[in-house]
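> Below is one structure. I have some questions about it.
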DNA sequence: CGGAATATACCCGTTAACACGTAGATTTTA
DNA sequence: TAAAATCTACGTGTTAACGGGTATATTCCG
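Residue numbers (our numbering), protein chains in the order written: chain A, 1 to 212; chain B, 1001 to 1212.
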């Protein structure tokens, strides 16, 4: 008999954790190693717990799932990440798929069976994406290709969103674990692409183009 | 021995339903009568199933939890409604509390214990609100009372509009034939009234309150 | 393979936008 | 008419956000 798949769960909402917990703990091939409502906390827990798969929500405060996934991938390359999301929010996912920081992405409206299937597949070295996610990614791609000459990178969009939330460069740097200089550079590039130099113009553009 | 509390669950996300299901079905005093990812569907199910408490998400598409709660309260006045929410979104809740269409409101970041407690209390004819919800409601009230109190003078509104059009202080001064210092003072007063110091906050406020 | 794109980071100098004051002139309102 | 609100204006000091560079490591893609 093979070892159980050891899983860590992180989600803002305790109820979702409890849910996933009793959902998965019934399965004989799975063992819940640890769980938390804080991305920071789970990251530290991974040091002391042997974990095969990290189940993480995407939309979390203050550290979102994207950042967490990236950090985990750097620090613990053996841990696979399965992202859970409420909606098929495309932007960020795109980045994650490209840089290998996640091995799977499913919407929270999937059933128990599909979730188990996804976990099994990922545990065996595979990759799993919900159909809805793939479709929505494709749409996102189309939209980006045809719509505008201006193409912001995933990182730039992250930064635009943080600007919109009234973070200054220092706060953004802290949030994304990068240098303040780097944020300045991103900001420069954003304004260069926009051909503007006012935050207000940026915000209005972002609203119009549904970057937020 | 008393009858079990019969519960119906509705939530956009199957995973949350599954979660709540296995969370609650362990409890001997509770029985899950039915569940669905569709508000429409659950509403019809209530005709054929005897249900004591309806557990419903607030943010759902296309029929949201508020509408559902109201309809249920009209059609089946004996069914109690416990609303679940991701965030303490104030607006809608206020209304529901006032017109008695819900008997409880909890955030999804509550734990298993608190959820059971809430259900028990409601089943016995009580009312249950998370502390966070009450706090956030109070804040919402304060905010509304306060924000309605913000009165910008005609001159200040002129200046806000010029700020929104990406004019800097010098340009505004030129436009209004006043000193740059005066513009600075107006700006200071505007931010003081807003209790903020970021242009972005100002712009968002202006849009929300149709100052532009 | 090799160029293009991306993300990261630093230096230097400038300046618009702040914070925290004060204060006179005019208009509105109680 | 007296008090309150509004509009006007200035001083001083600080700093976040620029513009304009350069540069390196990595990844993507033809």
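From the three backbone atoms N, C-alpha and C, an ideal C-beta is built for every residue, glycine too.
Less than 7 Å between CB atoms is the rule here; does residue 1013 of chain B satisfy it with respect to chain A?
If you number the second chain from 1, residue 1013 of chain B lands on position 13. Closer than 7 Å: yes.
> Ordered along the chain, which non-local residues of its own chain (more than five positions away) have a Cβ less than 7 Å from that of residue 1184 of chain B?
Start at 1 with the first residue of the second chain, and residue 1184 of chain B comes out as number 184. Here the set comprises 1169.
> Among all the DSSP beta bridges, which residues are the ones paired with residue 1080 of chain B?
Position 80 of the second chain, counted from the first residue, corresponds to residue 1080 of chain B. Answer is B:1053, bridged to residue 1080 of chain B.
> Does DSSP classify residue 1022 of chain B as helix, strand or coil?
Counted from its first residue, the second chain places residue 1022 of chain B at position 22. Three-state DSSP puts residue 1022 of chain B in a helix.
> Would you say residue 166 of chain A reaches chain B, if we count a Cβ-Cβ gap shorter than 7 Å as a contact?
Translated into the one-based positions of the first chain, residue 166 of chain A becomes position 166. It does; some Cβ of chain B falls within 7 Å.
> At what residues does the beta strand (DSSP E) containing residue 1155 of chain B begin and finish?
The count along the second chain starts at 1 and reaches residue 1155 of chain B at position 155. Run containing residue 1155 of chain B: none in the beta strand (DSSP E); it sits in the alpha helix (DSSP H), 1154-1164.
> Going along chain B in order, which residues have a C-beta closer than 8 Å to the C-beta of residue 16 of chain A?
As a position in the first chain, residue 16 of chain A is number 16, starting the count at 1. Simply 1015, 1016, 1019 and 1108.
> Over what stretch of residues does the alpha helix (DSSP H) that includes residue 201 of chain A continue unbroken?
Within the first chain, numbered from 1, the residue matching residue 201 of chain A stands at position 201. It spans 199-208 - the alpha helix (DSSP H) in which residue 201 of chain A sits, taken as one unbroken run.
> Measuring alpha carbon to alpha carbon, tell me which residue in A:81, A:64, A:124 and A:37 is nearest residue 177 of chain A.
In the first chain, counting from the first residue as 1, residue 177 of chain A sits at position 177. Per the Cα distances, A:64.
> List the residues of chain B whose Cβ lies closer than 7 Å to the Cβ of residue 203 of chain A, in chain order.
Taking the first residue of the first chain as position 1, residue 203 of chain A is located at position 203. What residue 203 of chain A touches in chain B: 1200 and 1203.
> Using a beta-carbon distance below 7 Å, is residue 32 of chain A in contact with chain B?
For the purposes of this step, residue 32 of chain A is taken as residue 32 along the first chain, with counting starting at 1. With 7 Å as the cut-off, residue 32 of chain A does not count as an interface residue toward chain B.
> Please compile the residues from chain A whose C-beta is within a distance smaller than 8 Å of the C-beta of residue 1022 of chain B.
Numbered from its first residue, the second chain carries residue 1022 of chain B at position 22. The answer, in chain order, is 19, 22, 23 and 26.
> Once you ignore the five residues that flank residue 262 of chain A on each side, which residues in its own chain have a CB closer than 8 Å to its CB?
What the structure shows of chain A is the stretch from 1 to 212, and residue 262 of chain A is not part of that stretch, so it cannot be assessed.
> For residue 1037 of chain B, return the contacting residues in chain A, with the cut-off set at a CB-CB distance below 8 Å.
Looking up residue 1037 of chain B in the second chain gives position 37. Within 8 Å Cβ-Cβ: 109.
> Between residue 1121 of chain B and chain A, is the shortest Cβ-Cβ distance under 7 Å, so that the two count as touching?
Looking up residue 1121 of chain B in the second chain gives position 121. So no, residue 1121 of chain B is outside the interface.
> Please classify residue 1109 of chain B as buried or exposed, where buried requires at least 16 neighbouring CB atoms within 10 angstroms.
As a first step, residue 1109 of chain B must be located in the second chain, where it is residue number 109. Under this definition residue 1109 of chain B is a buried residue.
> Please state whether DSSP places residue 1017 of chain B in a helix, a strand or coil.
The residue given as residue 1017 of chain B occupies position 17 in the second chain. Helix, per DSSP.
> Checking 7 Å against the spacing of the C-beta atoms, do residue 1025 of chain B and residue 1032 of chain B come in under that value?
For the purposes of this step, residue 1025 of chain B is identified with residue 25 of the second chain, where counting begins at 1. For the purposes of this step, residue 1032 of chain B is identified with residue 32 of the second chain, where counting begins at 1. Yes, they are a contact pair.
> Anyone know if the C-beta pair for residue 1018 of chain B and residue 23 of chain A falls short of 7 Å?
As a first step, residue 1018 of chain B must be located in the second chain, where it is residue number 18. As a first step, residue 23 of chain A must be located in the first chain, where it is residue number 23. Yes.
> Do you know how far the Cα of residue 209 of chain A is from the Cα of residue 1159 of chain B?
If you number the second chain from 1, residue 1159 of chain B lands on position 159. If you number the first chain from 1, residue 209 of chain A lands on position 209. In a straight line, the C-alpha of residue 1159 of chain B is about 26 Å away from that of residue 209 of chain A.
> Reducing DSSP to helix, strand and coil, say where residue 1135 of chain B ends up.
By 1-based counting over the second chain, the position of residue 1135 of chain B is 135. Note: residue 1135 of chain B maps to helix in three-state DSSP.
> Note down, in chain order, every chain A residue with its Cβ under 7 Å from the Cβ of residue 1112 of chain B.
Along the second chain, one-based indexing puts residue 1112 of chain B at 112. Correct list: 18.
> Which word fits residue 1101 of chain B, buried or exposed, when buried means at least 16 other C-beta atoms lie within 10 angstroms of its C-beta?
Here residue 1101 of chain B refers to the residue found at position 101 of the second chain. The residue in question, residue 1101 of chain B, is buried, as its Cβ has 16 or more Cβ neighbours within 10 Å.
> What's the call for residue 167 of chain A, buried or exposed, on a 16-neighbour Cβ count within 10 Å?
For this step, residue 167 of chain A is matched to residue 167 along the first chain. Looking at its Cβ environment, which holds 16 or more other Cβ atoms inside 10 Å, residue 167 of chain A is buried.
> Just the Cα atoms here: how many angstroms apart are residue 1073 of chain B and residue 1030 of chain B?
To locate residue 1073 of chain B, count along the second chain from 1; it is residue 73. To locate residue 1030 of chain B, count along the second chain from 1; it is residue 30. Distance between the alpha carbons of residue 1073 of chain B and residue 1030 of chain B is about 22 Å.
> Where does residue 1153 of chain B land, buried or exposed, given buried means 16+ other C-beta within 10 angstroms?
What you label residue 1153 of chain B is simply residue 153 of the second chain in a count that begins at 1. Classification of residue 1153 of chain B: exposed, given that the 10 Å Cβ count is below 16.
> Looking at residue 1190 of chain B: is its Cβ nearer than 7 Å to the Cβ of residue 1156 of chain B?
Counted from its first residue, the second chain places residue 1190 of chain B at position 190. Counted from its first residue, the second chain places residue 1156 of chain B at position 156. Yes.
> Can you give me the start and stop residues for the alpha helix (DSSP H) that residue 1126 of chain B sits inside?
In the second chain, residue 1126 of chain B corresponds to position 126, counting from 1. No alpha helix (DSSP H) contains residue 1126 of chain B, which DSSP labels as neither H nor E.
> DSSP three-state label for residue 1119 of chain B, please.
One-based indexing of the second chain puts residue 1119 of chain B at position 119. The answer is helix: DSSP assigns residue 1119 of chain B an H, G or I state.
> Determine which residues of the stretch 1152-1176 of chain B have a Cβ less than 9 Å from any Cβ of chain A, and write them out in chain order.
If the cut-off is 9 Å between Cβ atoms, the stretch 1152-1176 of chain B has 1163, 1164, 1165, 1166 and 1168 near chain A.
> For residue 173 of chain A and residue 188 of chain A, I'd like the C-alpha separation in whole angstroms.
Taking the first residue of the first chain as 1, we reach residue 173 of chain A at position 173. Taking the first residue of the first chain as 1, we reach residue 188 of chain A at position 188. Using only the alpha carbons, I get a separation of about 15 Å.
> Go ahead and label residue 135 of chain A buried or exposed: buried means 16 or more other beta carbons lie within 10 angstroms of its beta carbon, across all protein chains shown.
The residue labelled residue 135 of chain A in the question sits at position 135 within the first chain. Classification for residue 135 of chain A: exposed.
> Could you check the C-alpha separation between residue 21 of chain A and residue 1075 of chain B for me, to the nearest Å?
As a first step, residue 21 of chain A is located in the first chain; it is residue number 21 there, counting from the start. As a first step, residue 1075 of chain B is located in the second chain; it is residue number 75 there, counting from the start. Distance between the alpha carbons of residue 21 of chain A and residue 1075 of chain B is about 36 Å.
> Which chain B residues are close to residue 55 of chain A, counting only those with a beta carbon under 7 Å from its beta carbon?
Translated into the one-based positions of the first chain, residue 55 of chain A becomes position 55. Under the 7 Å cutoff, chain B gives no residues; its nearest Cβ is about 11 Å from residue 55 of chain A.
> Compare the beta carbon distance of residue 1055 of chain B and residue 1127 of chain B with 7 Å and say whether it is the shorter of the two.
As a position in the second chain, residue 1055 of chain B is number 55, starting the count at 1. As a position in the second chain, residue 1127 of chain B is number 127, starting the count at 1. Cβ distance not < 7 Å, so residue 1055 of chain B and residue 1127 of chain B don't count as in contact.
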